[in-house]
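*Asks:* Under our numbering, residues 1 to 253 are what the sequence shown spells out, in order. Glycine included, C-beta positions come from ideal geometry on N, C-alpha and C.
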Amino acid sequence: MAAERSTADILNAAVQVRQAARSAARGATGVDAVLAALSEVAEYDHASLARWDPVRERHTTLAGCYPADATAYIENRLHRDPVFAVLRDPNRGGLWLGEVPWHLLAASPGFREVLRPLGIEGGVAQCLFAADGRYVGMLNLSTRRPRPAPDAARAAVTLLTEALAAAVALPHADEPSGRGAARPRRPGGLSPRELEVLAHLTTGRTNREIAERLYVTPRTVGTHIEHILAKLDLPNRAAAAARAVAWGITPSD
1 MAAERSTADI
11 LNAAVQVRQA
21 ARSAARGATG
31 VDAVLAALSE
41 VAEYDHASLA
51 RWDPVRERHT
61 TLAGCYPADA
71 TAYIENRLHR
81 DPVFAVLRDP
91 NRGGLWLGEV
101 PWHLLAASPG
111 FREVLRPLGI
121 EGGVAQCLFA
131 ADGRYVGMLN
141 LSTRRPRPAP
151 DAARAAVTLL
161 TEALAAAVAL
171 PHADEPSGRG
181 AARPRRPGGL
191 SPRELEVLAH
201 LTTGRTNREI
211 AERLYVTPRT
221 VGTHIEHILA
231 KLDLPNRAAA
241 AARAVAWGIT
251 PSD
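#1: Give every residue of the same chain whose Cβ lies closer than 6 Å to the Cβ of residue 51, excluding the five residues on either side of it in the sequence, and list them in chain order.
#2: Given a cut-off of 8 Å on the beta-carbon distance, is the pair residue 111 and residue 118 in contact?
#3: Would you list the one or two residues that DSSP bridges to residue 124?
#4: Below 8 Å between beta carbons: does that hold for residue 44 and residue 143?
#5: Going by DSSP, which residues form a beta bridge with residue 53?
#6: Can at least three beta-carbon pairs, one atom from the stretch 122-129 and one from the stretch 78-91, be found at a separation below 8 Å?
#7: Between which two residues does the alpha helix (DSSP H) carrying residue 9 extend?
#8: Using the C-alpha atoms, what's the distance from residue 101 back to residue 221?
#9: Determine the burial state of residue 28: buried for a count of at least 16 other Cβ atoms within 10 Å of its Cβ, exposed for fewer.
#10: Where does residue 64 sit, in a helix, a strand or coil, going by DSSP?
#11: Starting from the Cα of residue 120, find the closest Cα among 98, 133 and 203 and give me that residue.
#12: Rounded to the nearest angstrom, what separates residue 8 and residue 152 at their Cα positions?
#13: Measuring only the C-alpha atoms, how far is residue 71 from residue 92?
#14: Quick one: Cα of residue 83 to Cα of residue 108, how far?
#15: With C-beta atoms as the reference, is residue 190 less than 8 Å away from residue 228?
#16: Quick one, are the C-beta atoms of residue 218 and residue 207 less than 8 Å apart?
#17: Using the rule of at least 16 other Cβ atoms within 10 Å of the residue's Cβ for burial, across every protein chain shown, is residue 79 buried or exposed?
#18: Have a look at residue 25 and residue 18 and give me their C-alpha separation to the nearest angstrom.
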């Protein structure tokens, strides 16, 4: 049996994870190095770091060691799982398997069809959000036997989420692709996130419905709409929707 890790060991390992994540964010190393470093913070049998693709509305695994069927579930179905509705709250930390209410597990196809057949009994799932509130991806760690995570490990996983988000995030849509590259023009001077919200206004969706699709809060959507109306000098969301249609802007779905 491996010796129990001290808090100092876990914190030192977390520093290594952060350095690996920063290197991956710069493109200097791969995301697989981040997962390898994470194994020293929280033990796992299976793990993955996945990027959210808002255009295709699916996850893409950047590094992982789950079996193929589990990876396919993470990529194509996890974002529709009832448990994901709890996970995607940007105000909560990771969701540890042992703390998920039984009724929620019973309603989860991911638990019934993927985790249970693998013999998974512990682990954590953590949604990752960029500094501007965008949902950018997800961390999943699973163990085949109960391994109570030390408090230091649980805290470290939560504190590392910003670095992990930077490692998996797509380059921001309005960033130049290289030195000296021209910055692409955006209609009305709207930010990429405001353009996404504007596109969804063409469908007549409520703020809550838009928030569910962009994995932000309804209040955040309302703020974006206020900024859209101010930038475009429009009186209401109906006028904004009409402007989006005129520009040929529609949501990806």
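*Replies:* The answer reads as follows:
#1: Taken in chain order, the residues that qualify are 60, 62, 137 and 168.
#2: No, the pair does not count as a contact, with Cβ atoms beyond the cut-off.
#3: Paired residue(s): 96 and 141.
#4: It is a contact, given that the beta carbons lie within the stated cut-off.
#5: Secondary-structure assignment with DSSP links residue 53 through a beta bridge to 58.
#6: In this structure the stretch 122-129 touches the stretch 78-91; the number of beta carbon pairs closer than 8 Å is three or more.
#7: Taken as a continuous stretch (DSSP letters only), the alpha helix (DSSP H) holding residue 9 covers 7-25.
#8: Cα to Cα, the separation comes out at about 30 Å.
#9: It is exposed - the Cβ of residue 28 has fewer than 16 other Cβ atoms within 10 Å.
#10: Note: residue 64 maps to strand in three-state DSSP.
#11: Out of 98, 133 and 203, 98 has the C-alpha closest to the C-alpha of residue 120.
#12: Rounded to whole angstroms, residue 8 to residue 152 spans 9 Å at the Cα level.
#13: A straight line joining the alpha-carbon of residue 71 with that of residue 92 spans about 24 Å.
#14: Cα atoms of residue 83 and residue 108: separation of roughly 6 Å, rounded to the nearest angstrom.
#15: Using a Cβ distance threshold of 8 Å, residue 190 and residue 228 count as a contacting pair.
#16: The answer is yes: Cβ separation under 8 Å.
#17: Flag for residue 79 reads buried.
#18: Cα to Cα, residue 25 sits roughly 10 Å from residue 18.
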